[in-house]
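These notes are about the structure you will find just below.
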Amino acid sequence: EAQVTQNPRYLITVTGKKLTVTCSQNMNHEYMSWYRQDPGLGLRQIYYSMNVEVTDKGDVPEGYKVSRKEKRNFPLILESPSPNQTSLYFCASSLVEDTEAFFGQGTRLTVV
Amino acid sequence: LAKTTQPISMDSYEGQEVNITCSHNNIATNDYITWYQQFPSQGPRFIIQGYKTKVTNEVASLFIPADRKSSTLSLPRVSLSDTAVYYCLVGDTGGFKTIFGAGTRLFVKA
Numbered sequence: 001e002a003q004v005t006q007n008p009r010y011l012i013t014v015t016g017k018k019l020t021v022t023c024s025q026n027m028n029h030e031y032m033s034w035y036r037q038d039p040g041l042g043l044r045q046i047y048y049s050m051n052v053e054v055t056d057k058g059d060v061p062e063g064y065k066v067s068r069k070e071k072r073n074f075p076l077i078l079e080s081p082s083p084n085q086t087s088l089y090f091c092a093s094s095l096v097e098d099t100e101a102f103f104g105q106g107t108r109l110t111v112v
Numbered sequence: 113l114a115k116t117t118q119p120i121s122m123d124s125y126e127g128q129e130v131n132i133t134c135s136h137n138n139i140a141t142n143d144y145i146t147w148y149q150q151f152p153s154q155g156p157r158f159i160i161q162g163y164k165t166k167v168t169n170e171v172a173s174l175f176i177p178a179d180r181k182s183s184t185l186s187l188p189r190v191s192l193s194d195t196a197v198y199y200c201l202v203g204d205t206g207g208f209k210t211i212f213g214a215g216t217r218l219f220v221k222a
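These protein sequence lines are chains A and B, in that order. Using my numbering, the letters of the first sequence map in sequence onto residues 1 to 112. Using my numbering, the letters of the second sequence map in sequence onto residues 113 to 222.
In structure tokens, the structure reads:
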């Protein structure tokens with residue numbers, strides 16, 4: 001089944017403790033992206049990747065890192081999480097830039 | 113990236129046709145119009161994409177006038193399970209590097 005898989009689905013952590021949210025897609029898509037969704041603010045893009053080793057900042061990249069060492073994986077790294085990064089995170093992928101995006105099920109992160 | 117304007121919310125009843133209009137006055141020549149559906153705590157799901165005139169698939173139709181400054185998503189005979197947020201996106205990508213605004217919250221009543 002074609003899908004985008006995020007792990008974990010839920011995470012509670014403490015301020016400053018590094019964490020990684022994984023994202024994997026099995027559709028051989030070129031493009032991958034991370035979004036965060038907060039009440040009243042819609043989805044905001046954090047980072048995106050157009051291919052292996054090619055990444056770029058989205059609208060809200062501060063406090064996040066990404067890497068794209070393999071085509072199928074696009075992990076989101078929070079080196080020193082803070083409470084304002086408490087949010088619902090979505091990973092997405094698409095075959096090429098102008099085709100539909102497929103989204104993961106989301107990761108609900110709480111930083112205390 | 114073109115800015116879009118949609119109604120914040122809409123109510124409907126089961127079995128009715130629902131039309132959600134999106135305004136995008138600054139749409140560029142290369143821009144597509146794409147609609148996504150999102151249920152609570154789930155990722156958005158692609159519904160339909162078009163460039164001009166009319167596009168129809170198994171779940172919806174998309175009407176785009178000649179000037180392309182607006183578009184209308186039409187959902188035929190909605191059911192309770194169509195209660196969701198619907199996003200109109202305009203850009204030269206299908207959902208990539210595209211701004212998801214607040215969307216339209218559709219509530220379908222029995």
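Beta carbons: idealized from backbone N, C-alpha and C, even for Gly. Computed from a predicted model, the values in this text were never measured in an experiment.
* Which value, in whole angstroms, describes the spacing of the CA atoms of A:K80 and A:N26? -> Position 80 of the first sequence holds residue 80 of chain A. Position 26 of the first sequence holds residue 26 of chain A. Note on residue identity: the sequence assigns Ser, not Lys, to residue 80 of chain A. Approximately 30 Å between the Cα atoms of the pair.
* To do: Could you tell me the distance, in whole angstroms, from the CA atom of B:A140 to the CA atom of B:G203?
  => Locating residue 140 of chain B in the second sequence gives position 28, counting from the first residue. Locating residue 203 of chain B in the second sequence gives position 91, counting from the first residue. Approximately 8 Å between the Cα atoms of the pair.
* Does the beta-carbon distance from B:F212 to B:S121 come in below 8 Å? -> Translated into the one-based positions of the second sequence, residue 212 of chain B becomes position 100. Translated into the one-based positions of the second sequence, residue 121 of chain B becomes position 9. Against a cut-off of 8 Å, the Cβ pair of B:S121 and B:F212 comes out as no contact.
* List the residues of chain A whose Cβ lies closer than 8 Å to the Cβ of B:S153, in chain order. => Indexing the second sequence from 1 puts residue 153 of chain B at position 41. Per Cβ cutoff of 8 Å: L88, G106, R108.
* List the residues of chain B whose Cβ lies closer than 9 Å to the Cβ of A:L11, in chain order. => Along the first sequence, one-based indexing puts residue 11 of chain A at 11. Here the premise fails: no neighbours, minimum Cβ distance about 14 Å.
* Asked: Taking 8 Å as the CB-CB cut-off, is A:E62 touching chain B?
  -> Taking the first residue of the first sequence as 1, we reach residue 62 of chain A at position 62. False, the Cβ-Cβ gap to chain B never drops below 8 Å.
* Beta-carbon contacts of B:V190 that lie in its chain and below 7 Å, excluding the five residues immediately before and after -> On the second sequence, position 78 is the one that residue 190 of chain B refers to. Here the set comprises S124, E126, Q128, V130, V220.
* Asked: By the 10 Å Cβ neighbour count, where 16 or more other Cβ atoms means buried, how is B:D143 classified, buried or exposed?
  -> Here residue 143 of chain B is taken as the residue at index 31 of the second sequence, counted from 1. It is buried - the Cβ of B:D143 has at least 16 other Cβ atoms within 10 Å.
* Quick one: what's got a C-beta closer than 7 Å to B:P188's C-beta in the same chain, skipping five residues either side? -> In the second sequence, residue 188 of chain B corresponds to position 76, counting from 1. These residues qualify, in order along the chain: E129.
* **Beta-carbon gap between A:L109 and A:L11 smaller than 8 Å** => In the first sequence, the residue the question calls residue 109 of chain A occupies position 109. In the first sequence, the residue the question calls residue 11 of chain A occupies position 11. In this structure, A:L109 places its C-beta atom within 8 Å of the C-beta atom of A:L11.
* Are there 16 or more other CB atoms within 10 angstroms of the CB of A:A101, so buried, or fewer, so exposed? -> Within the first sequence, residue 101 of chain A is the residue found at index 101, counting from 1. A:A101 comes out buried.
* Asked: Between which two residues does the beta strand (DSSP E) carrying B:I211 extend?
  -> Taking the second sequence and counting its residues from 1, the one referred to as residue 211 of chain B is at position 99. That residue, B:I211, is in no beta strand (DSSP E); it is neither H nor E in DSSP.
* To do: Using only alpha-carbon positions, find the residue among A:L76, A:Q105, A:P83 that is nearest to A:P61.
  => In the first sequence, the residue the question calls residue 61 of chain A occupies position 61. Residue A:L76 is the option with its Cα nearest to A:P61.
* Exposed or buried, A:Y64, counting other C-beta atoms within 10 Å across all chains shown (16 or more means buried)? -> Translated into the one-based positions of the first sequence, residue 64 of chain A becomes position 64. Only buried fits A:Y64, as 16 or more other CB atoms lie within 10 angstroms of its CB.
* Limits of the unbroken beta strand (DSSP E) element including A:S82 -> Along the first sequence, one-based indexing puts residue 82 of chain A at 82. Where A:S82 is concerned, there is no enclosing beta strand (DSSP E), given that its DSSP letter is neither H nor E.
* Asked: Within the 8 Å Cβ cut-off, does A:E100 reach chain B?
  -> Position 100 of the first sequence, counted from the first residue, corresponds to residue 100 of chain A. Nearest CB-CB separation between A:E100 and chain B: below the 8 Å threshold.
* Just the C-alpha distance for A:G58 and B:G162, rounded to the nearest angstrom, thanks. => For the purposes of this step, residue 58 of chain A is identified with residue 58 of the first sequence, where counting begins at 1. For the purposes of this step, residue 162 of chain B is identified with residue 50 of the second sequence, where counting begins at 1. Answer to the nearest angstrom: the Cα atoms are 24 Å apart.
* To do: Mind checking which residues open and close the beta strand (DSSP E) that includes A:M27?
  => The residue labelled residue 27 of chain A in the question sits at position 27 within the first sequence. Where A:M27 is concerned, there is no enclosing beta strand (DSSP E), given that its DSSP letter is neither H nor E.
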